[in-house]
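Structure, as structure tokens:
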Amino acid sequence: MVQTPRIQAVPRSRRWRAAAPLVIAACLLASVPAMAAAPAKPARLGLCAACHGETGMAQIPAAPNLAGQKLDYLREALRQYRDGRRNVPLMRTVIGPVSDADLDELARWYSAQTPSSQGNP
Ligand code: HEC
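To convert, count from 1 in the sequence shown and add 1125; that's the numbering used here.
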């Protein structure tokens, strides 16, 4: 009489043990896209960081914060400076004749940053 619940408990715990690797594998798989989305530090970032900060929080009063700004907006803004549609000599000079791929890399970097309340002058 007492044995009945114990017999039922054994297969249930075996099922859990069998499922554990699947759960771990699912977690690992789920984390892959997040890792892939984190952009590598762009080679040209050093120059931008002087004014916009490495994490997109401005270092000088005249520069805007870029952290967490929409990717499409940043990409388009950079193209506009490069192509002269935004005629701001400072940013035009700094950007120079940069490729779409480089602009994209910079836009992705700043877009992926988290804005903070610190770093504003
Ligand atoms: C000497 C300081 C300085 C440097 C260096 C600099 N910027 Fe800027 N950036 C500015 C200023 C000032 C503005 C505002 C210009 C305006 O009024 O449009 C600006 C504007 C921008 C904007 C538009 C933001 C918006 O909200 O519209 C983007 C994007 C940007 N910079 C990206 C960059 C990137 C990427 C680099 C490096 C290649 C860079 N900047 C280097 C000073 C700088």
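Glycine included, every Cβ here is placed at the ideal spot set by N, Cα and C.
Other residues of its chain near residue i: CB distance less than 7 Å, five sequence neighbours each side excluded
i: Val1213; result: Tyr1206
i: Cys1173; result: Leu1231
i: Arg1169; result: Asp1227 and Leu1231
i: Pro1189; result: Ala1183
Span separating the alpha-carbon of residue i from that of residue j
i: Pro1167; j: Gln1238; result: 13 Å
i: Leu1203; j: Ser1236; result: 13 Å
i: Ala1159; j: Pro1186; result: Because Ala1159 carries a pLDDT of 46, less than 50, the predicted location of this residue cannot be relied on, and no value is offered for it.
i: Tyr1198; j: Trp1234; result: 13 Å
Sequence-distant residues of the same chain with beta carbon closer than 8 Å to residue i, five excluded per side
i: Pro1240; result: Gly1181, Met1182, Asn1190, Ala1192 and Gly1193
Query - Segment contact, 8 Å Cβ cut-off, at least three pairs: the region 1161-1171 with the region 1195-1211 - result: By the Cβ test, the region 1161-1171 is not in contact with the region 1195-1211, since fewer than three Cβ pairs between them sit closer than 8 Å.
Report task. Evaluate contact between the region 1177-1185 and the region 1213-1228, counting only Cβ atoms and requiring at least three cross-stretch pairs below 8 Å. Result -> Too few Cβ pairs lie closer than 8 Å, so no.
Report task. Please go through the region 1162-1216 and give each complete alpha helix (DSSP H) segment of 4 or more residues, from N-terminal end onward. Result -> With a minimum length of 4 residues, the continuous alpha helix (DSSP H) runs that stay inside the region 1162-1216 are 1170-1177 and 1196-1208.
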